[in-house]
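Take a look at the structure below.
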Amino acid sequence: MLTDKQLQVIQAAYGVFFRYGFARTTMGDLAKAAGMSRPALYLVYCGKEEVFQAVVAWMGDNLLETIQSTLKEDWPLERKLMHVLELCIARPYEQVRANPDAQDLLALDSHMPALEQAYGSLQTYLADLLKDAVNESGLKVAAIDVARTLMSAMRGFKLVAVDGKDLRRLIAMQVTLTTAALGQQGA
Numbered sequence: 001m002l003t004d005k006q007l008q009v010i011q012a013a014y015g016v017f018f019r020y021g022f023a024r025t026t027m028g029d030l031a032k033a034a035g036m037s038r039p040a041l042y043l044v045y046c047g048k049e050e051v052f053q054a055v056v057a058w059m060g061d062n063l064l065e066t067i068q069s070t071l072k073e074d075w076p077l078e079r080k081l082m083h084v085l086e087l088c089i090a091r092p093y094e095q096v097r098a099n100p101d102a103q104d105l106l107a108l109d110s111h112m113p114a115l116e117q118a119y120g121s122l123q124t125y126l127a128d129l130l131k132d133a134v135n136e137s138g139l140k141v142a143a144i145d146v147a148r149t150l151m152s153a154m155r156g157f158k159l160v161a162v163d164g165k166d167l168r169r170l171i172a173m174q175v176t177l178t179t180a181a182l183g184q185q186g187a
């Protein structure tokens, strides 16, 4: 459970990181945004990486809560996947792309344990969404492997997409291919 001070820092840091990126953000920037001194910030978090990891974990938790509260059980698999990937991939991507100084956030994936953990949680969530369709498909694959393939594609798409529209087109194509392979397209 986060303390009030931790939440104060995380919420302020969220905006700072998405505006300036990781490399350009300083502990001074984070302290100022949180309305505290640098020494006070260091009492809450020992460094910028720890603050960033906390922001990513907080975002991941919030995204999963949003998904769970907005996803409709009666939606077809394709719509469910598109909804999840819109919230977790496309929107954050556009938020980063809107700020040129934040572009380094797109390349941090493999360098931050919190990002790996967030992607892992999303992959597990996707596997759960895919489980029934994979089992019914007759394919000799596990739902977690299909989810891993989807997540790997998403990570790659973020690096090659020219803008949000292009990213959404790539996501839609991958989701269409995945649901077609599972015999779920249009179902």
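Under full-length UniProt numbering, the first residue of the sequence shown is numbered 1, with each subsequent residue one higher.
Ideal Cβ placement from N, Cα and C applies to all residues, glycine included.
Taking all protein chains shown into account, decide if residue i is buried (16 or more other Cβ within 10 angstroms of its Cβ) or exposed.
i      : result
Arg91  : exposed
Val51  : buried
Cys88  : buried
Gly15  : exposed
Thr179 : buried
Gly183 : exposed
Arg168 : buried
Thr25  : buried
Gln68  : exposed
With DSSP collapsed to three states, give me the class of residue i.
i      : result
Gln185 : coil
Cys88  : helix
Trp58  : helix
Glu78  : helix
Ala23  : coil
Gly35  : coil
Using CA atoms only, rank isn't needed, just tell me which of the options is closest to residue i.
i      : options                       : result
Ile171 : Gly183, Ala31, Gly156         : Gly156
Asn62  : Asn99, Ala153, Leu7           : Leu7
Thr70  : Val9, Tyr20, Val84, Cys46     : Val84
Leu126 : Leu159, Glu136, Arg148, Ala34 : Arg148
Lys48  : Ala13, Met151, Ala153, Ile67  : Ala13
Asn99  : Leu2, Ala181, Tyr20           : Tyr20
Glu73  : Arg38, Tyr119, Asp132         : Asp132
For residue i, I'd like the list of residues in its chain whose CB is within less than 7 Å of its CB, leaving aside the five on either flank, ordered along the chain.
i     : result
Leu41 : Val9, Met27, Leu30, Ala31, Ala34
Glu94 : Gly164
Could one say the Cβ of residue i lies closer than 8 Å to chain B's Cβ atoms, at least one of them?
i     : result
Met59 : Within the model displayed, chain B is absent; a lone protein chain is all it includes.
Any 3 or more C-beta pairs closer than 8 Å across the segment 163-170 and the segment 135-144: Of all C-beta pairs linking the segment 163-170 to the segment 135-144, fewer than three are shorter than 8 Å, placing the two stretches out of contact.
Any 3 or more C-beta pairs closer than 8 Å across the segment 78-85 and the segment 168-182: Touching, per the Cβ criterion.
Meets three-Cβ-pair contact criterion under 8 Å: the segment 110-119 and the segment 40-60: Result yes; three or more Cβ-Cβ pairs closer than 8 Å.
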